[in-house]
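Reading through the structure tokens given below for one structure.
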Amino acid sequence: MIKRIFILTMMIGLLSFWGQAQSVSFRFAHLTDLHISPNNPNPTEDLLRSVAQINATDNIDFVLVTGDITEEGDRASLEKAKSCLDLLKVKYYVALGNHETKWSDSGCTAFGEVFGYERFEFEHKGFLFLGFNSGPLMRMAYGHVVPQDIRWMTESMEKAGKDKPVMLVTHYPLMDGDVDNWYEVTDAVRPYNVRLFIGGHYHANKNQRYDGIPGILMRSNLRDKDGKQGYGIYEVTDDSINVYCQRVGEQPEQWAALSLRESYYDHQGKADKYPDFSVNKEYSKVKEQWVVQTGVGIYCSPAVEKDKIFVGDDMGYLTAYTLKNGKKLWSFQSGKRIIGTPAVSEGIVVFGSADRNIYGLNAENGKLLWKVVAQEPVIGAVTIDNGLAYVGASDHTFRAIDIHTGKVVWSYDKVKGYIETKPLITDNKVIFGAWDNTLYALDKTNGKELWKWTGGLTRMHFSPAAVWPVAAEGKVFIADPQRALTAIDINNGETIWRTFESQVRETVGLSEDETRIYSKTMNDSIVCFATQGNTPKKLWASNVGFGYEHAPSMPQEKEGVMYGSTKEGLIFALNAQTGEVIWKHKIGNSLINTVVPLNKKEVLFTATSGEVGLLRMK
Numbered sequence: 178m179i180k181r182i183f184i185l186t187m188m189i190g191l192l193s194f195w196g197q198a199q200s201v202s203f204r205f206a207h208l209t210d211l212h213i214s215p216n217n218p219n220p221t222e223d224l225l226r227s228v229a230q231i232n233a234t235d236n237i238d239f240v241l242v243t244g245d246i247t248e249e250g251d252r253a254s255l256e257k258a259k260s261c262l263d264l265l266k267v268k269y270y271v272a273l274g275n276h277e278t279k280w281s282d283s284g285c286t287a288f289g290e291v292f293g294y295e296r297f298e299f300e301h302k303g304f305l306f307l308g309f310n311s312g313p314l315m316r317m318a319y320g321h322v323v324p325q326d327i328r329w330m331t332e333s334m335e336k337a338g339k340d341k342p343v344m345l346v347t348h349y350p351l352m353d354g355d356v357d358n359w360y361e362v363t364d365a366v367r368p369y370n371v372r373l374f375i376g377g378h379y380h381a382n383k384n385q386r387y388d389g390i391p392g393i394l395m396r397s398n399l400r401d402k403d404g405k406q407g408y409g410i411y412e413v414t415d416d417s418i419n420v421y422c423q424r425v426g427e428q429p430e431q432w433a434a435l436s437l438r439e440s441y442y443d444h445q446g447k448a449d450k451y452p453d454f455s456v457n458k459e460y461s462k463v464k465e466q467w468v469v470q471t472g473v474g475i476y477c478s479p480a481v482e483k484d485k486i487f488v489g490d491d492m493g494y495l496t497a498y499t500l501k502n503g504k505k506l507w508s509f510q511s512g513k514r515i516i517g518t519p520a521v522s523e524g525i526v527v528f529g530s531a532d533r534n535i536y537g538l539n540a541e542n543g544k545l546l547w548k549v550v551a552q553e554p555v556i557g558a559v560t561i562d563n564g565l566a567y568v569g570a571s572d573h574t575f576r577a578i579d580i581h582t583g584k585v586v587w588s589y590d591k592v593k594g595y596i597e598t599k600p601l602i603t604d605n606k607v608i609f610g611a612w613d614n615t616l617y618a619l620d621k622t623n624g625k626e627l628w629k630w631t632g633g634l635t636r637m638h639f640s641p642a643a644v645w646p647v648a649a650e651g652k653v654f655i656a657d658p659q660r661a662l663t664a665i666d667i668n669n670g671e672t673i674w675r676t677f678e679s680q681v682r683e684t685v686g687l688s689e690d691e692t693r694i695y696s697k698t699m700n701d702s703i704v705c706f707a708t709q710g711n712t713p714k715k716l717w718a719s720n721v722g723f724g725y726e727h728a729p730s731m732p733q734e735k736e737g738v739m740y741g742s743t744k745e746g747l748i749f750a751l752n753a754q755t756g757e758v759i760w761k762h763k764i765g766n767s768l769i770n771t772v773v774p775l776n777k778k779e780v781l782f783t784a785t786s787g788e789v790g791l792l793r794m795k
């Protein structure tokens with residue numbers, strides 16, 4: 178009886194609150210950071226409780242959901258989240274969060290297939306709402322808004338008219354340290370009537386400014402320390418936006434208010450801060466020989482053969498450029514985005530696509546030679562060795578394919594997770610990691626399993642899956658997200674040594690003479706270890722000064738120079754023997770994928786911000 182009286186009193190209070198506000202233009206709810214998980218039922222229960230209360234609340238016109246709707250970005254969790262959200266009595270709109278984009282087994286295409294879009298646009302009572310992805314896609318890095326989404330936003334606002342009030346919906350706050358190209362976004366939208374950015378990510382209520390533009394971050398829907406789920410309610414009137422935190426079972430509490438009559442920023446102004454490119458003046462002998470601005474996000478490294486380079490992009494195009502000047506030669510369009518690095522050999526380019534196909538193209542003209550169909554997206558990089566292409570897919574299968582005929586020579590279908598890495602071919606073995614805590618070694622000739630290594634890892638997020646493994650002196654070397662550099666016996670998969678000394682993450686490279694391995698620490702430095710011996714032996718450490726770093730961009734050596742890159746647009750060259758910095762050059766402020774050195778003075782690069790280019794030291 179007491180419980181029923183409490184519930185009745187609560188509902189009367191809610192009805193009283195909303196009855197006092199009947200003059201508002203409209204209201205909407207805001208859910209964020211749901212973290213639906215295959216292994217934990219609590220987030221699902223939390224979401225269902227919030228959905229039930231939203232449904233019991235009058236005058237909610239729609240619901241915005243701002244990312245991290247899942248814990249691991251997997252299709253099953255996406256479908257579970259949708260089944261819960263479908264119980265809402267009003268329309269809802271979902272933006273991707275970093276948990277959907279970073280750990281997606283489909284390269285985010287499952288999100289689009291489940292929800293029907295990767296960005297959204299709608300008008301409601303005179304307001305334009307635009308929701309978009311803030312990344313990062315498949316790579317550990319800061320968030321990033323791809324060029325095509327920035328272009329889409331500005332075109333939509335231009336079409337609607339510069340006086341149209343706009344609310345922009347994303348996951349990350351558009352700030353330095355959260356999104357690498359925040360300034361590009363804020364500068365692009367500044368000329369328009371942006372009233373508010375709406376997001377989540379920090380699991381807390383925050384009233385912020387993004388280069389002057391108001392930004393609201395809402396608490397997570399997950400139960401708080403008091404066991405209460407919660408979400409946001411926005412009340413839009415003729416002159417203001419009032420923001421409430423709604424804990425399930427309690428009355429809403431207002432915690433922010435924004436004027437619709439006040440101008441919060443200079444429409445003709447600029448960002449408060451821009452990236453620092455002074456390093457390019459310090460190392461002035463390094464020049465960009467050519468740079469192509471593709472206008473599309475790029476997540477793979479370039480592949481090179483003779484006078485051509487080959488690059489896949491976020492729109493699903495595989496494009497050939499001339500090595501000399503970056504002139505576009507041809508493009509082939511697959512059905513969905515390309516994430517894994519392609520490979521080329523004997524005039525044949527091989528790459529996987531999130532459209533569930535592996536393609537073989539004529540490198541000269543881009544014509545399709547063959548296609549192998551997978552059951553799930555192919556987001557792994559390709560390695561070609563002696564006429565066979567080796568590539569893993571998200572259908573738990575690793576394949577060896579004849580590059581001339583497209584015939585699958587063998588396949589191994591016992592991978593428990595999805596495959597993102599570039600496989601290593603060595604010692605008659607093919608070695609690769611997957612997002613299931615496991616490093617696999619197969620017989621190169623027939624695909625027979627030789628050994629598996631887990632290293633005692635138990636969490637999916639600790640998997641040796643993004644690193645490109647290397648081998649020397651009878652050992653395989655990896656660096657995993659648990660921040661350990663590891664040497665594994667290539668013959669039996671036993672751990673020889675494992676060190677947390679340098680706090681490295683997901684990057685490893687091998688010297689040309691196979692005596693040294695290189696890795697990036699998570700703060701400023703490159704470390705070098707010997708490949709010989711049964712214990713870790715550090716040879717040198719070099720402070721490059723790149724700051725906090727966790728992007729999986731592999732160090733590469735060519736002719737005595739070790740090249741590396743970072744999540745904030747920096748490419749650097751070190752003396753491979755000593756670690757001495759030879760030069761540094763900043764391309765932009767976004768992730769540089771693993772670079773491809775041509776010689777001791779030239780290096781090819783691609784960036785998530787859409788650049789393809791060649792650097793040369795004079």
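The opening residue of the sequence shown carries number 178 in the numbering used here; numbering runs sequentially from there.
All C-beta atoms, glycine included, are put in the ideal place defined by N, C-alpha and C.
Keep in mind the model is a prediction, meaning the values are calculated, not measured.
{"query": "Kindly identify the DSSP beta-bridge partner or partners of residue 688.", "result": "DSSP, once it has assigned bridges, lists no residue as partnering residue 688."}
{"query": "Mapping DSSP to helix, strand and coil, what is residue 477?", "result": "coil"}
{"query": "Out of 332, 321, 629 and 767, which has the shortest C-alpha to C-alpha gap to residue 453?", "result": "767"}
{"query": "Excluding the 5 residues flanking residue 441 on each side, which residues of the same chain have their C-beta closer than 7 angstroms to its C-beta?", "result": "389, 390 and 391"}
{"query": "May I have the straight-line CA-CA distance separating residue 553 from residue 588, to the nearest angstrom?", "result": "15 angstroms"}
{"query": "Does the Cβ-Cβ distance between residue 670 and residue 611 come in under 8 angstroms?", "result": "no"}
{"query": "Residue 406 and residue 226 - do their beta-carbons sit closer together than 8 angstroms?", "result": "yes"}
{"query": "Is it the case that the region 282 to 301 contacts the region 716 to 730, given that we only count it when at least three CB pairs across the two stretches are under 8 angstroms?", "result": "no"}
{"query": "Taking only runs of the alpha helix (DSSP H) that begin and end inside the region 430 to 512, which ones reach a length of at least 4 residues, in chain order?", "result": "456 to 459"}
{"query": "Are the region 265 to 279 and the region 527 to 547 in contact at 8 angstroms, needing three or more beta carbon pairs?", "result": "no"}
{"query": "Do residue 597 and residue 315 have their C-beta atoms within less than 8 angstroms of each other?", "result": "yes"}
{"query": "Do you know whose CA, among 375, 640 and 790, lies nearest residue 274's CA?", "result": "375"}
{"query": "Taking a contact to mean a Cβ-Cβ separation below 8 angstroms, would you say residue 790 touches residue 472 in this structure?", "result": "no"}
{"query": "Which value, in whole angstroms, describes the spacing of the CA atoms of residue 783 and residue 474?", "result": "10 angstroms"}
{"query": "With a cut-off of 8 angstroms, do at least 3 Cβ pairs link the region 431 to 441 to the region 233 to 252?", "result": "no"}
{"query": "In whole angstroms, what is the alpha-carbon distance linking residue 355 and residue 583?", "result": "43 angstroms"}
{"query": "Assuming contact is defined by CB atoms lying nearer than 8 angstroms, are residue 330 and residue 299 in contact in what I supplied?", "result": "no"}
{"query": "Below 8 angstroms, can you find three or more Cβ-Cβ pairs linking the region 617 to 632 to the region 743 to 756?", "result": "no"}
{"query": "Which residues in the same chain have their Cβ closer than 6 angstroms to the Cβ of residue 532, if we skip the five residues on either side of it in sequence?", "result": "511, 512 and 513"}
{"query": "Return the CA-CA distance between residue 659 and residue 304, expressed in angstroms with no decimal places.", "result": "45 angstroms"}
{"query": "So, does the region 395 to 409 touch the region 362 to 370, judging by three or more C-beta pairs under 8 angstroms?", "result": "no"}
{"query": "Classify residue 781 as buried or exposed, calling it buried when 16 or more other Cβ atoms lie within 10 Å of its own Cβ.", "result": "buried"}
{"query": "If we count the other Cβ atoms within 10 Å of its Cβ and call it buried at 16 or more, is residue 550 buried or exposed?", "result": "exposed"}
{"query": "Where do the N-terminal and C-terminal ends of the beta strand (DSSP E) with residue 763 fall, by residue?", "result": "758 to 763"}
{"query": "Quick one: grab the DSSP three-state call for residue 412.", "result": "strand"}
{"query": "Report the option in 497, 700 and 593 whose CA atom is closest to the CA atom of residue 631.", "result": "593"}
{"query": "Any contact between the region 248 to 261 and the region 563 to 570? By contact I mean 3 or more CB pairs, one from each, below 8 angstroms.", "result": "no"}
{"query": "Threshold first: 4 residues or longer. Then list the alpha helix (DSSP H) segments lying entirely within the region 337 to 382, N to C.", "result": "359 to 366"}
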